[in-house]
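J.: Chains L and X are the protein sequences, given in the same order.
Count along the first sequence from 1, then add 1; that gives the number in the working numbering.
Count along the second sequence from 1, then add 172; that gives the number in the working numbering.
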Amino acid sequence: MKSYMPKKVLVLGGGVGGVVAAKRIAERTRGRADVEITLISDTDYYLLPPLLVNIAFGDISPQQAMLPLSRFAYRGVKTVKAAVKKIDPDNRTVETDQGKFQYDYLIASLGTDFDFKSYNLAAGNHNFTLDGALKFKEALANFHGGSVVVYTPEPIYRCGVYPFEIVGQLDAIFRKRGIRDKVDITLIHPFQRPIQPLGPEAVKITEETFAAKNIKYIGGVTQPGPVDEKTKTVTAGSEKVKYDLLVVVPPSRLPKPFEGTPLTAQFPNGTWTAINVLTGRSIKYDDVYLPGEHSMPAIGLPTAGVPVHFTAMASANMVAGEILGEPVDPAQINAMTCAMDYGEFGMMFNCDIKLDPANNKAAWMGSCYSILKSPLGKLIKDLFYKTWLATTI
Amino acid sequence: MSAQTSPQAEQKLAELLKTLAEHADELQSLLDQLLELKRSGVLDAMMIVVNRFEELIHYLFLDPAVFRLLSIGVDGTLGAMSKLETPDILNVKATMQELIVRLGKNASPDLIANPKPVKGIWGLLSALKDPDVQRGLGVAFALLKMLGKQPQQ
């Protein structure tokens with residue numbers, strides 16, 4: 002008698018990539034007893050990172066930015082709360098603090114580690130984690146005037162438009178509180194001109210906005226220095242900038258579980274996991290997919306939710322297609338839209354993506370244009386993220 | 173066997189019933205509207221959008237055409253609209269209407285793809301005898317004058 006072992010699909014990460022992939026595979030394989038999907042995450046909730054800024058500003062509670070992963074039960078996805086320690090693709094094993102897991106297919110989307118050490122960024126405020134957002138909220142409440150510095154030492158960090166948005170949003174908040182005349186806002190950034198990768202239209206709008214809001218931009222900083230907590234100073238090239246309230250943007254780094262594994266490769270912009278641009282599949286292992294922020298710099302895409310989301314969809318389509326023996330159309334995206342909040346108005350920018358399978362790259366820089374610049378854009382951004390969150394699991 | 177209920181639960185139930193009774197008419201109307209939405213299929217269509225939201229966005233991201241249209245049609249136009257006064261809006265609207273009527277009545281894809289060529293100076297002089305061409309030239313010169321004029325702020 003023939004016996005069937007269920008195909009084990011192991012999904013690592015409870016962020017956008019992991020959640021999207023698990024949902025997609027569960028939908029495609031619904032009702033199949035021969036497929037077992039397990040999602041491992043170090044939290045028992047899914048948190049939508051763009052809403053962390055709304056938590057920091059006190060607009061929403063943390064509960065309004067998250068969904069419990071237990072919701073996956075009705076899709077037949079098993080969830081395990083555990084921290085991933087090491088991935089061993091040669092033995093199809095994942096090591097966690099709750100034990101070892103075997104797989105037939107692995108989808109890993111572990112975001113990026115935030116480097117708060119290299120430039121002593123722990124001295125500042127941020128909203129890159131839930132804890133960070135809550136502390137930032139407190140710092141904002143206690144701030145009544147002085148110099149605000151937003152410090153971005155390196156060009157690869159989560160959500161490329163974030164520093165340009167946060168200065169505009171802080172300006173709007175201080176205006177509402179009636180203390181804008183007592184506040185100086187400065188953004189320190191590696192790009193020569195603000196938001197440069199999005200192209201000339203975005204640069205023009207941002208420079209005009211900064212001029213109108215009296216936001217100082219120190220760009221082209223190629224030799225970033227550490228934050229000096231004692232003197233409350235940031236060194237940016239030859240300039241020393243004093244701060245009373247420091248907001249930091251930590252550089253993205255390869256997550257620890259990938260370190261020293263054959264899943265990574267050295268690229269001109271750092272060490273990242275190596276994937277196929279169309280499918281998210283590991284370059285070296287056919288049964289491993291890595292649609293996470295940790296793969297995006299290697300294929301030319303930004304470390305942000307939209308490209309991760311759709312690379313995860315492509316990976317999930319590949320895995321489901323192989324399991325079901327159905328034709329596979331990974332359907333990687335050819336456009337990506339970014340919703341931005343500049344304080345008084347919102348913007349939606351679209352970037353056309355040119356997929357280049359021969360060089361395993363996706364080109365988008367400079368191919369972006371505004372599709373809406375209006376106060377209505379803020380509302381659309383809110384609506385977009387809230388609907389996105391509500392329909393994620 | 174009857175279920176045991178605590179005094180707190182009974183009080184909550186009583187409050188709930190009171191609220192329901194107070195809003196009975198509105199709730200009945202809401203229920204009627206919901207049933208009508210269900211019967212008409214509108215609710216089912218909305219549920220498709222909710223359940224397939226992710227796919228909907230995915231389809232949009234497969235081809236940038238919609239975003240390109242939004243950029244030109246919405247964002248580009250919005251930028252210009254804020255620079256105009258109310259009479260300008262009426263003017264643009266009437267001009268657009270006239271243009272669309274003329275295009276609709278007189279233009280054809282064949283006219284654009286296979287125009288009758290105007291050859292040399294004699295051909296040009298002959299074409300200029302046509303009163304429609306003469307009026308067209310009038311419009312063209314008016315357009316040239318308009319394009320060359322600096323907008324008054």
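Even glycine gets a Cβ: it sits at the ideal position worked out from N, Cα and C.
When you compare the CB positions of Asp342 of chain L and Gly306 of chain L, do they come within less than 9 Å of one another, or not?
T.: Within the first sequence, numbered from 1, the residue matching residue 342 of chain L stands at position 341. Within the first sequence, numbered from 1, the residue matching residue 306 of chain L stands at position 305. Contact: no.
J.: Straight-line CA distance for Ser174 of chain X to Gly213 of chain X?
T.: If you number the second sequence from 1, residue 174 of chain X lands on position 2. If you number the second sequence from 1, residue 213 of chain X lands on position 41. Caution is warranted here: a pLDDT of 49 is assigned to Ser174 of chain X, below 50, making its placement in the model unreliable, and no coordinate value can be reported.
J.: Could you work out which residue in L:Lys87, L:Gln64, L:Ala34 is closest to Leu52 of chain L when comparing CA atoms only?
T.: Residue mapping note: residue 52 of chain L aligns to position 51 of the first sequence, counting from 1. Closest by alpha carbon: L:Gln64.
J.: So Thr30 of chain L and Ile394 of chain L are supposed to be a Cβ contact under 8 Å. How far apart are they, rounded?
T.: The count along the first sequence starts at 1 and reaches residue 30 of chain L at position 29. The count along the first sequence starts at 1 and reaches residue 394 of chain L at position 393. Contact flag wrong, Cβ pair sits at about 16 Å.
J.: Between the alpha carbons of Trp294 of chain X and Met337 of chain L, how many angstroms are there, rounded?
T.: Taking the second sequence and counting its residues from 1, the one referred to as residue 294 of chain X is at position 122. Taking the first sequence and counting its residues from 1, the one referred to as residue 337 of chain L is at position 336. Within the model, the alpha-carbon separation for Trp294 of chain X versus Met337 of chain L is close to 54 Å.
J.: Output needed in chain order: residues of the region 200-233 of chain X with a Cβ under 7 Å from some Cβ in chain L.
T.: Val222, Phe225, Glu226, His230, Phe233
J.: Counting pairs of beta carbons, one from the region 92-99 of chain L and one from the region 194-203 of chain X, are three or more of them closer than 8 Å?
T.: Because the criterion of three Cβ pairs below 8 Å is not met, the region 92-99 of chain L and the region 194-203 of chain X do not touch.
J.: Beta-carbon within less than 8 Å of Lys233 of chain L's beta-carbon, same chain only, minus the 5 sequence neighbours each way: which residues are those?
T.: On the first sequence, position 232 is the one that residue 233 of chain L refers to. Within the same chain, Lys233 of chain L has close Cβ partners Lys243, Tyr244, Asp245, Leu247.
J.: Determine whether the Cβ of Leu373 of chain L lies closer than 9 Å to any Cβ atom of chain X.
T.: Against the first sequence, residue 373 of chain L aligns to sequence position 372. So, interface residue.
J.: By the criterion of Cβ-Cβ separation under 8 Å, what are the contact partners of Leu250 of chain X in chain L?
T.: The residue you call residue 250 of chain X lines up with position 78 of the second sequence. The answer, in chain order, is Leu373, Lys374, Ser375.
J.: Can you list, in chain order, the residues of its chain with a C-beta nearer than 7 Å to that of Lys362 of chain L? Leave out the 5 residues immediately preceding and following it.
T.: Residue 362 of chain L sits at position 361 when you count from the first residue of the first sequence. Correct list, in chain order: Val278, Ile300, Gly301.
J.: With H, G and I counted as helix, E and B as strand and the rest as coil, what does DSSP make of Asp105 of chain L?
T.: Position 104 of the first sequence, counting from 1, holds the residue named residue 105 of chain L. Coil at Asp105 of chain L, not helix or strand.
J.: Grouping DSSP H, G and I as helix and E and B as strand, with all else coil, what is Asn278 of chain X?
T.: As a working note, residue 278 of chain X is residue 106 in the second sequence. DSSP places Asn278 of chain X in helix when its eight states are reduced to three.
J.: Are the region 280-293 of chain L and the region 158-171 of chain L touching by the rule of at least three beta carbon pairs closer than 8 Å?
T.: no
J.: At which residue ranges does the region 268-339 of chain L contain complete beta strand (DSSP E) runs of 3 or more residues, listed in the order of the chain?
T.: 271-274
J.: Going along the region 255-283 of chain X in order, which residues come within less than 9 Å of chain L, judged by CB to CB distance?
T.: none
J.: Does the beta carbon of Phe311 of chain L come closer than 9 Å to any beta carbon on chain X?
T.: For this step, residue 311 of chain L is matched to residue 310 along the first sequence. Closer than 9 Å to some Cβ of chain X, the Cβ of Phe311 of chain L qualifies, so yes.
J.: Quick one: Cα of Val305 of chain X to Cα of Ala314 of chain X, how far?
T.: As a position in the second sequence, residue 305 of chain X is number 133, starting the count at 1. As a position in the second sequence, residue 314 of chain X is number 142, starting the count at 1. So the alpha carbons of these two residues sit roughly 14 Å apart.
J.: Using a Cβ cut-off of 8 Å, pull out every chain L residue sitting near Val246 of chain X, in sequence order please.
T.: Along the second sequence, one-based indexing puts residue 246 of chain X at 74. Contacts between Val246 of chain X and chain L, judged by CB atoms closer than 8 Å, involve Ile372, Leu373 in chain order.
J.: So the candidates are L:Leu373, L:Ile372, L:Ser375, L:Leu356; which of them puts its Cα closest to the Cα of Met366 of chain L?
T.: On the first sequence, residue 366 of chain L is found 365 positions in, with the first residue counted as 1. For Met366 of chain L, the nearest C-alpha among the options comes from L:Leu356.
J.: Under a three-way DSSP split, which group does Arg307 of chain X fall into?
T.: To locate residue 307 of chain X, count along the second sequence from 1; it is residue 135. In the structure shown, Arg307 of chain X sits in a helix (DSSP, three-state: H, G or I).
J.: Step through the CB atoms of chain X and report whether any lies within less than 9 Å of the CB of Thr334 of chain L.
T.: Start at 1 with the first residue of the first sequence, and residue 334 of chain L comes out as number 333. Before going further, note that residue 334 of chain L is Ile rather than Thr in the sequence given. Yes, because at least one Cβ of chain X sits closer than 9 Å to the Cβ of Ile334 of chain L.
J.: When the cut-off is 9 Å and only beta carbons count, does Met337 of chain L lie next to chain X?
T.: Position 336 of the first sequence holds residue 337 of chain L. Cβ-Cβ to chain X under 9 Å: yes for Met337 of chain L.
J.: Could you check how far apart the C-beta atoms of Thr39 of chain L and Lys79 of chain L are, in whole angstroms? I think they sit under 8 Å.
T.: Against the first sequence, residue 39 of chain L aligns to sequence position 38. Against the first sequence, residue 79 of chain L aligns to sequence position 78. At roughly 5 Å, the Cβ-Cβ gap stays under 8 Å, so Thr39 of chain L and Lys79 of chain L are in contact.
J.: Quick one: is Glu182 of chain X near chain L, going by C-beta distance under 9 Å?
T.: One-based indexing of the second sequence puts residue 182 of chain X at position 10. It does not; no Cβ of chain L falls within 9 Å.
J.: Would you call Leu68 of chain L buried or exposed, if buried means 16 or more other Cβ atoms sit within 10 Å of its Cβ?
T.: Counting from one through the first sequence, the residue named residue 68 of chain L turns up at place 67. In summary, Leu68 of chain L is buried, with 16 or more beta-carbon neighbours lying within 10 Å of its beta-carbon over all protein chains present.
J.: Buried or exposed: where does Asp260 of chain X fall if 16 or more other Cβ atoms within 10 Å of its Cβ makes it buried?
T.: The residue you call residue 260 of chain X lines up with position 88 of the second sequence. With fewer than 16 Cβ atoms within 10 Å of its Cβ, Asp260 of chain X is classed as exposed.
J.: Rounded C-beta distance between Met348 of chain L and Ser371 of chain L? I'm assuming under 8 Å.
T.: Here the question's residue 348 of chain L lines up with position 347 in the first sequence. Here the question's residue 371 of chain L lines up with position 370 in the first sequence. Going by Cβ atoms, the distance from Met348 of chain L to Ser371 of chain L rounds to 6 Å, so yes, they are a contact pair.
J.: Start and end of the beta strand (DSSP E) containing Met349 of chain L?
T.: Counting from 1 along the first sequence, the entry for residue 349 of chain L is found at position 348. Per DSSP, the continuous beta strand (DSSP E) segment holding Met349 of chain L begins and ends at 347-353.
J.: Run through the region 360-393 of chain L for me and flag every whole beta strand (DSSP E) of 3 or more residues, listed as ranges in chain order.
T.: 362-364, 369-375
J.: Using a Cβ cut-off of 7 Å, pull out every chain L residue sitting near Phe239 of chain X, in sequence order please.
T.: To locate residue 239 of chain X, count along the second sequence from 1; it is residue 67. The answer, in chain order, is Ala336, Thr338, Asn351, Ile372.
J.: Between which two residues does the beta strand (DSSP E) carrying Ala237 of chain L extend?
T.: Stepping through the first sequence from its first residue, residue 237 of chain L is reached at position 236. 234-237 is the span of the beta strand (DSSP E), which, as asked, contains Ala237 of chain L.
J.: Can you list the residues of chain L that Leu189 of chain X reaches, using a CB-CB cut of under 9 Å?
T.: Taking the second sequence and counting its residues from 1, one reaches residue 189 of chain X at position 17. Within chain L, no residue comes near Leu189 of chain X; the closest Cβ sits about 29 Å away, beyond 9 Å.
J.: By how many angstroms is the C-alpha of Phe117 of chain L removed from the C-alpha of Ala123 of chain L?
T.: By one-based count along the first sequence, residue 123 of chain L stands at place 122. By one-based count along the first sequence, residue 117 of chain L stands at place 116. So the two alpha carbons sit approximately 5 Å from each other.
J.: Helix, strand or coil for Asn223 of chain X per DSSP?
T.: Reading the second sequence from its first residue, position 51 is the one you call residue 223 of chain X. Residue state, collapsed to three classes: helix.
J.: List the residues of chain X that Thr388 of chain L touches, going by C-beta distances under 7 Å, in chain order.
T.: On the first sequence, position 387 is the one that residue 388 of chain L refers to. Chain X residues near Thr388 of chain L: Phe225.
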